[in-house]
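Engineer: Here the sequence shown is numbered in the working numbering, starting from 86 and rising by one per residue. For each residue, glycine too, the CB sits at the ideal point set by N, CA and C. Attaching a single structure in structure tokens format; questions to follow.
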Amino acid sequence: AMIPVHGKIVSAATKGGNADWQLNPTFGRSWENNAQIVSGGFTFNGVPTDVTDNFHTAFERTTAEIGKLNTIKAKIYTEMVLDQVTLSLGVPEPSRVYDAEAEITIKLLPDYSLPDVYEIVDIIHEQKEGLVDVSGTSSSVQKVQCMSDSKRDCYEIAITFRITAPLIHDVVAVSAMDIDRRITTTYINDGIGFEGEPLLPLLTHTMYSKKGNQHPVEATHLTQPDRRYNVWNDQHGFVWMKNSYGSWFQLTHAGFERLQDPDVNVMTRTHSNFADLVEQEKERARQVFDSESIKSKVGESFSHDAPVRLDKLDDPKILEKLKIAELAALEYLKRY
């Protein structure tokens, strides 16, 4: 469908040299003078939020139900011609938009035969799993006022979509790019948590092993109960995990205890990582002073005369210092 929008085609030569970045699209503030020129730059299910920083904006975490339709609107101001708008879901953290779990890109095409008209020519989904229901995604674009008291016109891109499973990360990002590839990506903190029963089938994996020539090949069937966690169950009730190299290992009781223990700076002897901490401290001490490097052999007998000096204990100043140190130690013990 042809969707009318407002905006003139502006030559890239309007600004040149080092100021070209000032032509970047914006969801909130002007790149030229940092003035707030767009209100409600991000809207989720009818609730608008002002983008007060072009890189990221304060957004209190909200939730949405898996399997239900949700609509995100991005209001964009640009003097140039828009090429595409992208919604990134499941971003690990601000600055890592390229690691998003799923992306929806809306491709736009200006109709040069009709002034101020755009056509949505494609909706592209980028995802490793079917986290976004492709058949349920739709989009529209319309001309709106950038602000209620402003004469500027913006483009508001609406994306309606359905999530099929919980995402590992909550942060959301919106990106806008013009035909000269000027791009702005704004991160929406703290994102959206999608909750509920997943619509996707559980992930499975089968491993084959053989203990010896006299034994048949055994199959281990693994199922991941929740895609957000690196925990898999086999048909015998054992728990497995996958390391960063793609290898599988069975989780022992000790390994399970390690997962249960919280990450803390100070650990007691009952903490599963206490032994590792001791070894780390031993290694740190060895790097400072390694007694093995200075040891030497002595004969069968060895003696050394050292004079014993007790006369210092008769000094009143020394006795006073010892008394103060003892009182300080007692006070410390009482306090802790």
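Taking the straight line between their C-alpha atoms, what separation do you get for Ser225 and Pro286?
Structural biologist: Using only the alpha carbons, I get a separation of about 31 Å.
Engineer: Does the Cβ-Cβ distance between Gly126 and Phe112 come in under 8 Å?
Structural biologist: A contact, by the Cβ cut-off of 8 Å.
Engineer: Does DSSP classify Leu412 as helix, strand or coil?
Structural biologist: If DSSP states are grouped into helix, strand and coil, Leu412 belongs with the helices.
Engineer: Tell me the DSSP secondary structure of Glu214 in three-state form.
Structural biologist: Coil.
Engineer: If we count the other Cβ atoms within 10 Å of its Cβ and call it buried at 16 or more, is Tyr417 buried or exposed?
Structural biologist: When all chains shown are included, Tyr417 counts as exposed.
Engineer: Assess, as a yes-or-no matter, whether the stretch 249-257 is touched by the stretch 271-281 under the definition of 3 or more beta carbon pairs within less than 8 Å.
Structural biologist: Yes: at least three Cβ pairs fall under 8 Å.
Engineer: Could you tell me which uninterrupted beta strand (DSSP E) segments, each at least 3 residues in length, are contained entirely in the stretch 280-326, listed from first to last along the chain?
Structural biologist: Here the runs fully enclosed are 288-294, 303-309 and 317-319.
Engineer: Here's the rule I'm using: 16 or more other beta-carbon atoms within 10 Å means buried, otherwise exposed. How should Gln169 be labelled?
Structural biologist: That one is buried.
Engineer: May I ask you to list the residues that DSSP assigns as paired with Pro401?
Structural biologist: Answer by DSSP bridge pairing: none, since Pro401 is not bridged.
Engineer: Can you find the residues in the same chain that come closer than 6 Å, C-beta to C-beta, to Thr147, ignoring five residues on each side of it along the sequence?
Structural biologist: These residues qualify, in order along the chain: Ile277.
Engineer: Tell me whether Leu114 sits in a helix, a strand or coil according to DSSP, three-state version.
Structural biologist: What sits at residue 114 in the sequence shown is Arg, not Leu. Three-state DSSP puts Arg114 in a strand.
Engineer: Determine the closest residue to Lys228 out of Val324, Asp238, Asp234 and Gly221, with distance taken between C-alpha atoms.
Structural biologist: Ranking Val324, Asp238, Asp234 and Gly221 by Cα distance to Lys228 puts Asp238 first.
Engineer: Is Val257 helix, strand or coil when you go by DSSP?
Structural biologist: Correct three-state label for Val257: strand.
Engineer: Would the stretch 286-302 and the stretch 154-172 be scored as touching if the rule is three or more Cβ pairs under 8 Å?
Structural biologist: As far as the Cβ criterion goes, the stretch 286-302 does not touch the stretch 154-172, which means the pair count is below three.
Engineer: Looking at the unbroken beta strand (DSSP E) that takes in Gly126, where does it start and where does it end?
Structural biologist: Gly126 -> no beta strand (DSSP E), and no H or E assigned at all.
Engineer: Under the DSSP definition of a beta bridge, which residues are partnered with Gly278?
Structural biologist: Note: Gly278 sits in a beta bridge opposite Thr148.
Engineer: Between which two residues does the beta strand (DSSP E) harbouring Phe246 extend?
Structural biologist: Asp238 to Arg247 is the span of the beta strand (DSSP E), which, as asked, contains Phe246.
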